[in-house]
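In mature numbering (1 follows the signal peptide of the UniProt record, and there is no 0), the protein residues as written are -24 to -1, 1 to 176.
Each remark here refers to the structure printed beneath this line.
So this is what it looks like as structure tokens:
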């Protein structure tokens, strides 16, 4: 033992034997990821569906209860007639509509403030398969819309929805949209939009 010497040592604590805490960074997508990563399918439980005759306070309560930023709007025939964002419920356009109709805000129906289904861009699943998230953002900017349907516009069948809010939640980057409605005439036209419904 003359050739060996004792090493310096210390007593161990119980924390020494516990596994080290591993910090898992949240998985954030970037705009180069496949576009399919931000598509929400109709059948997903996260997609809230509300009736177009619902009053705005009731819609706001449902959106808040479900912690949802948007809801798909169904018509009287239970077909998709549009989409409403939570931010649209108390927007300046909504207040302008209330003034135009001479109704208090709490008496407005969702159908007055929703984005009609027939005015929103439709992305075919074949095009979506080759697209990236950034392509969706560019499409939203070009169309001036913060919602895209996924489906076949010719057959009027839709399988999913893509929102700018979902892209922001997934990537951490917002889609910059430039306002398309700037005049009272635009608001008036939005009030008298032609309704079209689509099967789910």
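Here a beta-carbon is modelled for each residue, glycine too, at the ideal position from N, C-alpha and C.
In this text the structure is predicted, and so the values were computed from the model without any measurement.
Item	Value
Completely contained beta strand (DSSP E) runs for the region 42 to 70, where each covers 3 or more residues	46 to 50 and 56 to 61
Which of helix, strand or coil DSSP assigns to residue 106	coil
Buried versus exposed call for residue 22 [16 or more other C-beta atoms within 10 Å across all chains shown]	exposed
Endpoints, beta strand (DSSP E) assigned at residue 124	123 to 128
Inter-residue spacing [alpha-carbon to alpha-carbon] between residue 30 and residue 69	18 Å
Through-space distance from residue 115 to residue 144, alpha-carbon basis	15 Å
Residue 82 Cβ short of 6 Å to the ligand MG heavy atom set	The model depicted lacks the ligand MG and carries no ligand whatsoever.
Residue 1, buried or exposed, once every other Cβ within 10 Å from all chains shown has been counted against 16	The pLDDT assigned to residue 1 is 46, lower than 50, so where the model puts this residue is not dependable; a value taken from the coordinates is nonetheless given after this. By the neighbour-count rule (16 or more Cβ atoms within 10 Å), residue 1 is not buried but exposed.
Three-state secondary structure (DSSP) of residue 112	helix
Stretch pair the region 129 to 142 + the region 97 to 115: three plus CB contacts closer than 8 Å	yes
Alpha carbon of residue 20 to alpha carbon of residue 50, nearest angstrom	16 Å
Pairwise C-alpha distance: residue 97 and residue 119	7 Å
Cβ contact (3+ pairs, closer than 8 Å) linking the region 3 to 13 and the region 100 to 109	yes
Distance, residue 56 Cα to residue 48 Cα	7 Å
Cross-strand partners of residue 27 (DSSP beta bridge)	50
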